Structure formats: C-alpha cells, structure tokens
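A.B. asks:
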Amino acid sequence: MQIPLCKPSIDNKELRIISKSLKTPWLTHGPYNLKFEKLFSDKFKVPYSLSMNSCTSALECAIKCQDLKGEIIIPSFTWVSTANAILNAGCKPVFADIELNSRNIDPKSIIKNITKKTVAIIIVHFAGLPCDMENILKICKKYKLKLIEDSAETLGAQYKKRYTGSFGLGCFSFFPTKNITTTEGGMLTFQDKRLFDKAKKIIAHGIDKSLKKNFWHRESSLPGHNYRLPNHLAALGFSQLKKLNFFNNKRRAIAKIYDKELSKFNNFFILQKVPKNFTHSYQMYTIRVPKKYRSNFLDFMRKKKIEVSVHFDPPLHEQKYLRLFYKKKLPQTDILSKEIVTLPIFPDMTKKQVYYVISNIKKFISTLKL
Ligand SMILES: Cc1ncc(COP(=O)(O)O)c(C=O)c1O
Numbered sequence: 004m005q006i007p008l009c010k011p012s013i014d015n016k017e018l019r020i021i022s023k024s025l026k027t028p029w030l031t032h033g034p035y036n037l038k039f040e041k042l043f044s045d046k047f048k049v050p051y052s053l054s055m056n057s058c059t060s061a062l063e064c065a066i067k068c069q070d071l072k073g074e075i076i077i078p079s080f081t082w083v084s085t086a087n088a089i090l091n092a093g094c095k096p097v098f099a100d101i102e103l104n105s106r107n108i109d110p111k112s113i114i115k116n117i118t119k120k121t122v123a124i125i126i127v128h129f130a131g132l133p134c135d136m137e138n139i140l141k142i143c144k145k146y147k148l149k150l151i152e153d154s155a156e157t158l159g160a161q162y163k164k165r166y167t168g169s170f171g172l173g174c175f176s177f178f179p180t181k182n183i184t185t186t187e188g189g190m191l192t193f194q195d196k197r198l199f200d201k202a203k204k205i206i207a208h209g210i211d212k213s214l215k216k217n218f219w220h221r222e223s224s225l226p227g228h229n230y231r232l233p234n235h236l237a238a239l240g241f242s243q244l245k246k247l248n249f250f251n252n253k254r255r256a257i258a259k260i261y262d263k264e265l266s267k268f269n270n271f272f273i274l275q276k277v278p279k280n281f282t283h284s285y286q287m288y289t290i291r292v293p294k295k296y297r298s299n300f301l302d303f304m305r306k307k308k309i310e311v312s313v314h315f316d317p318p319l320h321e322q323k324y325l326r327l328f329y330k331k332k333l334p335q336t337d338i339l340s341k342e343i344v345t346l347p348i349f350p351d352m353t354k355k356q357v358y359y360v361i362s363n364i365k366k367f368i369s370t371l372k373l
C-alpha cells in the first residue's frame, strides 16, 4: 500500500465548473472571485475578503496595505514564506520562540522580543491549531502592535468559537496540501474597508479606480503587483469552500484515531495538545519523535511507502540567509524542529490506510530495544 502525505479532493463537478469558466471570455479576476470572497466572508465572519494567488502574497500585501516599517515578530518555527513576505515588504523579521505543548508562538517570548522598532506580530497557527489569542490580543493592545495571522494551516479552526483569521488581518493558503485547494491561491481578510481598498490596488498593479477619467483610462497610484487569482481557480475555491466542513470533519475523524492509537505510546511520541475551547483543523497531523530516532523513523516509514515528512526543520533562524536576524536563543524551537514529524492526513484517507500507518508505526517501535 502506498500512502501519500496529503491528497487534494477535487471531484468531477469541480472539473466541469473549471472547464466551463475557462470557456468564458474573461479568465482573470472575475465573477467567481467575488462569489468566493463573499462566501469566505460569510463563513468566517469577516467583513472583507480578497482572493489572491498565494498566502505568501497575502502576507506581503497585509504588511504593505498597512504601510508597516520596522520590526515584525514571528515564530522561527514556520514556513519561510512568513519571513520572506516581511523582507520583501521592506521590514525586519524578529524570531520568537514557541510553546512545546501547542507548538505555537509563546506570548512570553513575544514580549521579550518587543523593542521600540516593533510594529507588528505575525502569528502562525501551526498545523491547524489556533494560537493563544487571549494573551496575543492583550499584547497587541498594550504595545499598540498590528496583528497579522498566518492562517495558511488553519482554515476553519476556531479559538473560543471565533475563526482564525478574524482577529487581525488573516492570510490563508489554498496550496494543494491545505484544507481546501485552488492549486495555488490565497485569501486576505480584513476588518477595515480602507485596508481592503488599498489591498485591491496592491494586488492589481496599483490601478486606482477612483482616478478613472473614462472607460479606457487606467491610472496607477502605487507600485503594485500582479497577485490576482484567476477566475477558474476562484471557481474551484468557491466549490471547495462549500465542502470545507465535510473535509475538516474527515480530517478530525482521522486525527482522533491517530490520537487514540498513538497515545498508547506516550512514553515515546508526544502529540499536539488541543486545549479546551480550541478547534483544530488538522491541516497536518504532527507528532514528536525523540531526536535520536527521528531519522530512522522517517526512513522506516518511507520504506513502507508511507509518505511521512517534517515541518519545519530547519526553522527560520537556521536558514542561512535569515541567520543575521537571529538574536535571542530559541530553546523550544530547537527541540521541536529536531523532533517534529508529519504523518499522512487528507479527507479521502480510508480507515484501512490510517491503520496501515499505525501498524507500521507499531512495527517501528517493536524494532527498538526500549
Ligand atoms: C505557515 C505557512 N505560511 C505560509 C505558507 C505559504 O502559502 P502559499 O504557498 O499559499 O504561499 C504556508 C504554506 O505552505 C504555510 O504553511
């Protein structure tokens, strides 16, 4: 049996919608983008949503639309996009540590890293588990910092019944491994119409519709980008979003089996703890494997054709081009990045596949003389 790490679920109806929208005369940002954005806003209870070509673009746009200049605190334990967006927007990343239980940014470490130059925090809801929003919101208020949520991994997760991405500016990814996909794609959500209007300019060459003198006149008011999501991909996103609850329930059911079976080995594996009042969207199912066994574990599983992986090692402060931003020690990140392992999880994963993964994990354990 061969088991991929993740697998998008795209059905025939969606293939037909894409094919139909490719036959319309307008192929870039179009009617399906508006439908997708409206559904997104309604579903996650955010006033404004703007579709774009990736979460990385959304992150950069979130910084640029607020004209941020200075230091932005992020966890080192994340995908490089979080830092790249900051650098490409002309700001400086500052790395904070994580909490080992949640694997999310540690509010105490955020405070330690605040300086006079800090302008914002970008939190990352790791693997689908929301961050400690109560403390993070308190910090933002006390130190007057802007909040951006890298919600690439948490579509549909909630902190105390409030969706991630609705606390600050929310940045979402529809990369094929994520909870829904548009192949490549992203969404930026806002509370503030002024920022939404500015972001609309940023993602489409800076064209300012208020400067329009006649139907052919197109004038730009800032150095924008082309971050648009094409109409047919928005059509796919619109359809996928309608299935999100179904997808996430499937992911949660798989995670429940993993939790039950792997907690029998809690002297060996450490699972991600989901606090009360948090819902997890399980974009990834991760476990901690003792550092000295991780590499053998990964090789063993790969030999069994089970596509396990690692997110994230190296963490940002170990990436060559980012090392110059590494100032304060990050002991928890150092531990986690050397132990983390991602197991296969995707909505169409069958019970048989889940138990095949588990039986091989058990086989691996039995090879060890513990
Ligand atoms: C935490 C995090 N941020 C940002 C991204 C980037 O998303 P995208 O590929 O849509 O730019 C990812 C996706 O892998 C991610 O996991």
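For the sequence shown, the positions run 4 to 373 when our numbering is used.
All residues carry an ideal CB built from backbone N, CA and C; glycine is no exception.
None of the values given here were measured: they were computed from a predicted structure.
Measure the alpha-carbon distance for Asp195 versus Asp45 and round it to whole angstroms.
C.D. replies: For the purposes of this step, residue 195 is identified with residue 192 of the sequence shown, where counting begins at 1. For the purposes of this step, residue 45 is identified with residue 42 of the sequence shown, where counting begins at 1. Asp195 and Asp45: Cα-Cα distance of roughly 16 Å.
A.B. asks: Closer than 6 Å by C-beta to Ser312: which residues in its own chain qualify, once you throw out the five before and the five after it? Chain order, please.
C.D. replies: Residue 312 sits at position 309 when you count from the first residue of the sequence shown. Excluding sequence neighbours, Ser312 sits near Leu8, Thr345.
A.B. asks: Let me check understanding here. Comparing Cα to Cα, which of Leu225, Asp262, Gly171 lies closest to Ile210?
C.D. replies: Position 207 of the sequence shown holds residue 210. Selected option, being the one with the closest Cα: Leu225.
A.B. asks: What does DSSP give as the partner residue(s) for Asp109 in the beta ladder?
C.D. replies: Working through the sequence shown from its first residue, we reach residue 109 at position 106. Asp109 pairs with nothing; no bridge assigned.
A.B. asks: Assuming Cys174 and Leu148 form a contact by the criterion Cβ under 8 Å, report the distance between their Cβ atoms to the nearest whole angstrom.
C.D. replies: Taking the first residue of the sequence shown as 1, we reach residue 174 at position 171. Taking the first residue of the sequence shown as 1, we reach residue 148 at position 145. So it is not a contact: roughly 16 Å between Cβ atoms.
A.B. asks: Need the endpoints of the alpha helix (DSSP H) that Gly141 sits in, please.
C.D. replies: Here residue 141 refers to the residue found at position 138 when the sequence shown is read from its first residue. First, the amino acid is wrong: residue 141 is Lys here, not Gly. From DSSP, the alpha helix (DSSP H) with Lys141 extends over 136-146.
A.B. asks: Can you check which of these residues, Tyr230, Leu239, Asn269, Ile205, is closest to Lys67 by C-alpha distance?
C.D. replies: Along the sequence shown, read from residue 1 onward, the residue named residue 67 stands at position 64. Nearest option by C-alpha distance: Ile205.
A.B. asks: At a cut of 8 Å, does the stretch 175-189 reach the stretch 235-250 through at least three beta carbon pairs?
C.D. replies: Yes, they touch.
A.B. asks: Just checking, does the stretch 75-84 make contact with the stretch 35-52 on the three C-beta pairs under 8 Å criterion?
C.D. replies: Output reads no: the stretch 35-52 does not touch the stretch 75-84.
A.B. asks: Distance check for Val357 and Ile89, CA to CA, integer angstroms please.
C.D. replies: By one-based count along the sequence shown, residue 89 stands at place 86. By one-based count along the sequence shown, residue 357 stands at place 354. Going from the Cα of Ile89 to the Cα of Val357 covers about 38 Å.
A.B. asks: Kindly indicate which three-state DSSP category Val277 falls into: helix, strand or coil?
C.D. replies: The sequence position of residue 277 within the sequence shown is 274, counting from 1. In this structure, Val277 counts as coil in the three-state DSSP scheme.
A.B. asks: Please confirm whether any heavy atom of ligand 1 lies closer than 7 Å to the CB of Val127.
C.D. replies: Here residue 127 corresponds to residue number 124 of the sequence shown, with the count starting at 1. True, at least one ligand heavy atom lies under 7 Å from that Cβ.
A.B. asks: Considering only the beta carbon of each residue, do Ala155 and Cys64 sit closer than 8 Å?
C.D. replies: Against the sequence shown, residue 155 aligns to sequence position 152. Against the sequence shown, residue 64 aligns to sequence position 61. No, Cβ-Cβ distance for Ala155 and Cys64 is not below 8 Å.
A.B. asks: Does the structure place the stretch 328-335 close enough to the stretch 292-309 that three or more beta carbon pairs sit under 8 Å?
C.D. replies: Short answer: they don't touch.
A.B. asks: Go to Tyr288, then tell me how far its alpha helix (DSSP H) extends in each direction, as first and last residue.
C.D. replies: Taking the first residue of the sequence shown as position 1, residue 288 is located at position 285. Premise fails: Tyr288 lies in the beta strand (DSSP E), 288-291, not in any alpha helix (DSSP H).
A.B. asks: Taking only three categories from DSSP, how would you classify Thr282?
C.D. replies: As a working mapping, residue 282 is identified with position 279 in the sequence shown. Of the three classes helix, strand and coil, the one that applies to Thr282 here is coil, per DSSP.
A.B. asks: Locate the beta strand (DSSP E) running through Ile126, then write down its first and last residues.
C.D. replies: Counting from 1 along the sequence shown, the entry for residue 126 is found at position 123. Here the beta strand (DSSP E) through Ile126 covers 121-127.
A.B. asks: Looking at Asp153: is its Cβ nearer than 8 Å to the Cβ of Leu62?
C.D. replies: The sequence position of residue 153 within the sequence shown is 150, counting from 1. The sequence position of residue 62 within the sequence shown is 59, counting from 1. Closer than 8 Å, so yes.
A.B. asks: Can you tell me whether Ala88 is helix, strand or coil according to DSSP?
C.D. replies: Looking up residue 88 in the sequence shown gives position 85. Ala88: helix per DSSP, three-state reduction.
A.B. asks: Inspect the beta-carbon positions of Thr59 and Arg231 and report whether they are closer than 8 Å.
C.D. replies: Taking the first residue of the sequence shown as 1, we reach residue 59 at position 56. Taking the first residue of the sequence shown as 1, we reach residue 231 at position 228. Not closer than 8 Å, so no.
A.B. asks: List the residues that DSSP assigns as beta-bridge partners of Glu74.
C.D. replies: Position 71 of the sequence shown, counted from the start, is the residue given in the question as residue 74. DSSP, once it has assigned bridges, lists Lys95, Thr121 as partnering Glu74.
A.B. asks: Exposed or buried, which one is Phe193 when buried takes at least 16 other CB atoms within 10 Å?
C.D. replies: Your numbering for residue 193 matches position 190 in the sequence shown. Counting Cβ neighbours within 10 Å, Phe193 comes out buried, since at least 16 surround it.
A.B. asks: Could you compute how far the alpha carbon of Asn229 sits from the alpha carbon of Ser223?
C.D. replies: Here residue 229 refers to the residue found at position 226 when the sequence shown is read from its first residue. Here residue 223 refers to the residue found at position 220 when the sequence shown is read from its first residue. Computed Cα separation, rounded: 13 Å.
A.B. asks: Have a look at Ile257 and Lys215 and give me their C-alpha separation to the nearest angstrom.
C.D. replies: Within the sequence shown, the letter at position 254 stands for residue 257. Within the sequence shown, the letter at position 212 stands for residue 215. Whole-angstrom Cα-Cα distance: 53 Å.
A.B. asks: Taking only the alpha-carbon atoms, compute the straight-line gap between Lys16 and Pro28 and give it to the nearest angstrom.
C.D. replies: Residue mapping note: residue 16 aligns to position 13 of the sequence shown, counting from 1. Residue mapping note: residue 28 aligns to position 25 of the sequence shown, counting from 1. Roughly 21 Å separates the two Cα atoms.
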